[in-house]
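This report refers to the structure that appears directly beneath it.
Number of protein chains: 2
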Amino acid sequence: MQEITQLHAIFDRTRGYINRFMGIIQPIIDAAQDEHTRLYYHHILEEEEQRMGRLQELVPYLENVSGKESLAQLSDRELSQLLSDVNLERFGLHNFREHLELSLYEFQDDETRTTLDGMREKTHADYLQVKEIMASLSGRFSDGSHPDLTDHDEGHDIHQVDHLKASATAAHGVASVIKHAAPAKTAAPGKKGLTVGSLKGH
Amino acid sequence: MQEITQLHAIFDRTRGYINRFMGIIQPIIDAAQDEHTRLYYHHILEEEEQRMGRLQELVPYLENVSGKESLAQLSDRELSQLLSDVNLERFGLHNFREHLELSLYEFQDDETRTTLDGMREKTHADYLQVKEIMASLSGRFSDGSHPDLTDHDEGHDIHQVDHLKASATAAHGVASVIKHAAPAKTAAPGKKGLTVGSLKGH
Ligand SMILES: [Fe+2]
Ligand SMILES: [Fe+2]
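Structural data, given as structure tokens:
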């Protein structure tokens, strides 16, 4: 059941990432000066909230299954449902990677950019590992059926772009109206310039 | 089985909307002059492709179920799975509404804006109807269990904003680098100014 233990570790980690990501993005929503910026980040956070809701069921289920002696203890129907749920979260990891990349275009400060890019890199590695695990698990179906492991992203050059690099030289972030948008905790009390707090006070 | 027939009509309609939406957005991706804009719209289209993939299974299944004499012909497990699938697509409708709203900030031409806003309005009505149908269906569980019908969007003022109005006066769309981004079919041949085709030729 090594694969199930690995899946459990991956989806448990991404739950932690969602929380860190929300802590970074929420101040942008709170400080947004226009409806478009607010809707944009609100939308991304809502999608991550929906993903979190699903993971709160999947992660304990994976923990439970990892305690079994073998996958043979699952019925074909249970295994099929598990693969279907994991496949949905494979897309979830892919979409989260893009949420992180999109957010790189927002932040100018190195600390936030390093945090986002670190989560992006690990999330991409997790996505690839989930794909491998699924290919391995789906081979064990007694009826020979396989879930569709097609990437929606094949043939799209955009996934080969180094968005850390591209965003470093980008003239405007989406929320270019927010001049300084580092999370509150990284803003030193005596630091000059706009902080999220000062923007909120407007 | 009136509810199942209604669900079938809703999700069949949204498949058509996804195709119309893709036809409107793809030219923006093709004409995008920077990686951020390209990633942004590519991401939205990818999410809609994923939704379409799920709907291609759900819609025929709903058609099949609507032919049955009563829901009692479904096992508790099948009904539970159906409600879970429909609940995921309830979120899908909600997210699609926001994709449409976000896109309103991109387009200046009345024809595209009217198309987007029409789909937005109907999608929101569909979303509300799915919610009602689910509440009705979940009451029929013999074990008394209910899916969580909580909105992630409750308490968020952003959903009360008239984005058609807000976007009309917005200074910049996300892809403000694209000066004229109407779909190719709406650009009259002799029309002055940039067209998607002329942008692509750069
Ligand atoms: Fe997204
Ligand atoms: Fe989205």
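These protein sequence lines are chains F and D, in that order. With UniProt numbering, the residue at position 75 of the first sequence is 75, and numbering never jumps. With UniProt numbering, the residue at position 201 of the second sequence is 201, and numbering never jumps. Yeah, the Cβ is synthetic: ideal placement off N, Cα and C, and Gly gets one too.
* Cutoff 7 Å; reference Phe11/D; Cβ partners in own chain excluding five residues on either side -> Here residue 11/D refers to the residue found at position 11 when the second sequence is read from its first residue. So the list reads Leu55, Leu58, Val59, Leu62 and Glu89, once near-sequence residues are dropped.
* With DSSP collapsed to three states, give me the class of residue 203/D. => Residue 203/D lies beyond the range of chain D shown here (1 to 202); nothing can be said about it.
* To do: Determine the closest residue to Ile29/F out of Leu39/F, Arg15/F and Gln81/F, with distance taken between C-alpha atoms.
  => As a first step, residue 29/F is located in the first sequence; it is residue number 29 there, counting from the start. Comparing Cα-Cα distances from Ile29/F to each of Leu39/F, Arg15/F and Gln81/F, the minimum goes to Leu39/F.
* **Whether Thr114/D touches Phe96/D by CB criterion (8 Å)** => Sequence index remark: in the second sequence, residue 114/D carries index 114 (1-based). Sequence index remark: in the second sequence, residue 96/D carries index 96 (1-based). Result no, Cβ atoms of Thr114/D and Phe96/D do not sit closer than 8 Å.
* To do: Specify the secondary structure class of Phe96/F as computed by DSSP and reduced to three states.
  => By 1-based counting over the first sequence, the position of residue 96/F is 96. If DSSP states are grouped into helix, strand and coil, Phe96/F belongs with the helices.
* Comparing the C-beta of Tyr17/D with each C-beta of chain F, is any distance below 8 Å? -> Walking along the second sequence from the start, residue 17/D turns up at place 17. False, the Cβ-Cβ gap to chain F never drops below 8 Å.
* Taking only the alpha-carbon atoms, compute the straight-line gap between Lys68/D and Gln6/D and give it to the nearest angstrom. => On the second sequence, residue 68/D is found 68 positions in, with the first residue counted as 1. On the second sequence, residue 6/D is found 6 positions in, with the first residue counted as 1. Approximately 14 Å, taken between the alpha carbons.
* Amino acids of chain F, ordered along the chain, whose beta-carbon sits closer than 8 Å to that of Glu101/D -> By 1-based counting over the second sequence, the position of residue 101/D is 101. Residues of chain F passing the Cβ test: Leu39.
* Asked: So the alpha helix (DSSP H) Lys21/D belongs to, where does it begin and stop?
  -> Here residue 21/D refers to the residue found at position 21 of the second sequence. Per the sequence shown, residue 21/D should be read as Phe rather than Lys. Segment Gln2 to Ala31, the alpha helix (DSSP H) holding Phe21/D.
* Exposed unless 16 or more other CB atoms sit within 10 angstroms - verdict on Leu128/F -> By one-based count along the first sequence, residue 128/F stands at place 128. Exposed, because fewer than 16 other Cβ atoms sit within 10 Å of the Cβ of Leu128/F.
* Under the rule that 16 or more other beta-carbon atoms within 10 Å means buried, what is Ala31/D, buried or exposed? -> Within the second sequence, residue 31/D is the residue found at index 31, counting from 1. Ala31/D comes out buried.
* Quick one: give me the first and last residue of the alpha helix (DSSP H) that residue 231/D is part of. => Outside the displayed span of chain D (1 to 202) sits residue 231/D, for which this structure offers no information.
* Since His8/F and Ser66/F are thought to touch, with beta carbons under 8 Å apart, how far apart are those beta carbons, to the nearest angstrom? -> Along the first sequence, read from residue 1 onward, the residue named residue 8/F stands at position 8. Along the first sequence, read from residue 1 onward, the residue named residue 66/F stands at position 66. So it is a contact: roughly 6 Å between Cβ atoms.
* Might you give, ordered along the chain, the residues of its own chain that have their beta carbon closer than 6 Å to the beta carbon of Leu116/F, omitting 5 neighbours on each side? => Here residue 116/F corresponds to residue number 116 of the first sequence, with the count starting at 1. Here the set comprises Leu100, Ser103 and Leu104.
* Asked: At least one CB of chain D closer than 8 Å to the CB of Ala31/F: is that the case?
  -> Numbered from its first residue, the first sequence carries residue 31/F at position 31. False, the Cβ-Cβ gap to chain D never drops below 8 Å.
* Listed by chain order, chain D residues near residue 204/F by CB distance under 9 Å -> Residue 204/F falls outside the range modelled here, since chain F spans only 1 to 202, and no answer is possible.
* Extent of the continuous alpha helix (DSSP H) to which Gly108/F belongs -> As a working note, residue 108/F is residue 108 in the first sequence. Sequence check: residue 108/F is Gln here, not Gly. Element bounds for Gln108/F: n/a, residue is neither H nor E.
* Asked: Do Ile18/D and Glu48/D have their C-beta atoms closer together than 8 Å?
  -> As a first step, residue 18/D is located in the second sequence; it is residue number 18 there, counting from the start. As a first step, residue 48/D is located in the second sequence; it is residue number 48 there, counting from the start. Going by C-beta atoms, Ile18/D is nearer than 8 Å to Glu48/D.
* Mind reading off the beta-carbon distance from Val130/F to Leu93/F? Whole number of angstroms is fine, and I expect it under 8 Å. => In the first sequence, the residue the question calls residue 130/F occupies position 130. In the first sequence, the residue the question calls residue 93/F occupies position 93. So it is a contact: roughly 6 Å between Cβ atoms.
* chain F residues whose Cβ lies nearer than 8 Å to that of Phe91/D -> Mapped onto the second sequence, residue 91/D falls at position 91. Correct list: Gln50.
* Consider the C-beta atom of Asn95/F and the heavy atoms of ligand 1; say whether any pair is separated by less than 7 Å. => Start at 1 with the first residue of the first sequence, and residue 95/F comes out as number 95. Answer for Asn95/F: yes, Cβ within range of ligand 1.
* Answer yes or no: do Phe21/D and Gln50/F have a C-beta to C-beta separation smaller than 8 Å? => Residue mapping note: residue 21/D aligns to position 21 of the second sequence, counting from 1. Residue mapping note: residue 50/F aligns to position 50 of the first sequence, counting from 1. Not in contact: Phe21/D and Gln50/F (Cβ atoms no closer than 8 Å).
* Closer than 7 Å by beta-carbon distance: list the chain D residues that pair up with Ile158/F, in chain order. => Here residue 158/F corresponds to residue number 158 of the first sequence, with the count starting at 1. Going along chain D in sequence order, the residues near Ile158/F (Cβ under 7 Å) are Arg38, Leu39 and His42.
* Output the distance between the C-alpha atoms of Val177/F and Gln33/F, rounded to the nearest integer angstrom. => As a position in the first sequence, residue 177/F is number 177, starting the count at 1. As a position in the first sequence, residue 33/F is number 33, starting the count at 1. Note that Val177/F scores 38 on pLDDT, short of 50, meaning its location in the model is unreliable and no value can be drawn from it.
* Asked: Is Met1/D near Leu71/D, with beta carbons less than 8 Å apart?
  -> The count along the second sequence starts at 1 and reaches residue 1/D at position 1. The count along the second sequence starts at 1 and reaches residue 71/D at position 71. Yes, they are a contact pair.
* Which chain D residues are close to His163/F, counting only those with a beta carbon under 7 Å from its beta carbon? -> Here the question's residue 163/F lines up with position 163 in the first sequence. Going along chain D in sequence order, the residues near His163/F (Cβ under 7 Å) are Glu35 and Leu39.
* Within 8 Å of chain D by C-beta, residues of the stretch 104 to 116 of chain F in sequence order -> Tyr105
* Check whether the Cβ of Glu3/D lies closer than 8 Å to any Cβ atom in chain F. => As a working mapping, residue 3/D is identified with position 3 in the second sequence. No, Glu3/D lies away from the interface with chain F (no Cβ there is under 8 Å from its Cβ).
* To do: Give every residue of the same chain whose Cβ lies closer than 6 Å to the Cβ of Met119/F, excluding the five residues on either side of it in the sequence, and list them in chain order.
  => The residue labelled residue 119/F in the question sits at position 119 within the first sequence. Correct list, in chain order: Tyr17 and Leu100.
* For Ala181/F, is the classification buried or exposed, using 16 other Cβ atoms within 10 angstroms of its Cβ as the cut-off for buried? -> By one-based count along the first sequence, residue 181/F stands at place 181. With a pLDDT of only 40 at Ala181/F, under the threshold of 50, the placement of this residue in the model should not be trusted; the figure read from the coordinates follows. Classification for Ala181/F: buried.
* To do: Let me know if Asp110/D comes out buried or exposed under the rule of 16 or more other beta-carbons within 10 Å of its beta-carbon.
  => For the purposes of this step, residue 110/D is identified with residue 110 of the second sequence, where counting begins at 1. So Asp110/D counts as exposed.
* Asked: Once you ignore the five residues that flank His42/D on each side, which residues in its own chain have a CB closer than 7 Å to its CB?
  -> Working through the second sequence from its first residue, we reach residue 42/D at position 42. Same-chain partners within the cutoff: Ile29.
* C-beta neighbour in chain D for Asn87/F, strict 8 Å -> Residue 87/F sits at position 87 when you count from the first residue of the first sequence. No - not a single Cβ of chain D is within 8 Å of the one on Asn87/F.
* From Gly23/F to His159/D, what distance separates their C-alpha atoms? -> Along the first sequence, read from residue 1 onward, the residue named residue 23/F stands at position 23. Along the second sequence, read from residue 1 onward, the residue named residue 159/D stands at position 159. Between Gly23/F and His159/D, the C-alpha separation is close to 21 Å.
* **Distance, Arg140/F Cα to Ile133/F Cα** => Position 133 of the first sequence, counted from the start, is the residue given in the question as residue 133/F. Position 140 of the first sequence, counted from the start, is the residue given in the question as residue 140/F. In a straight line, the C-alpha of Ile133/F is about 11 Å away from that of Arg140/F.
* Asked: ligand 2 heavy atoms versus the CB of Glu47/F: any closer than 7 Å?
  -> Against the first sequence, residue 47/F aligns to sequence position 47. Under cutoff, so the answer is yes.
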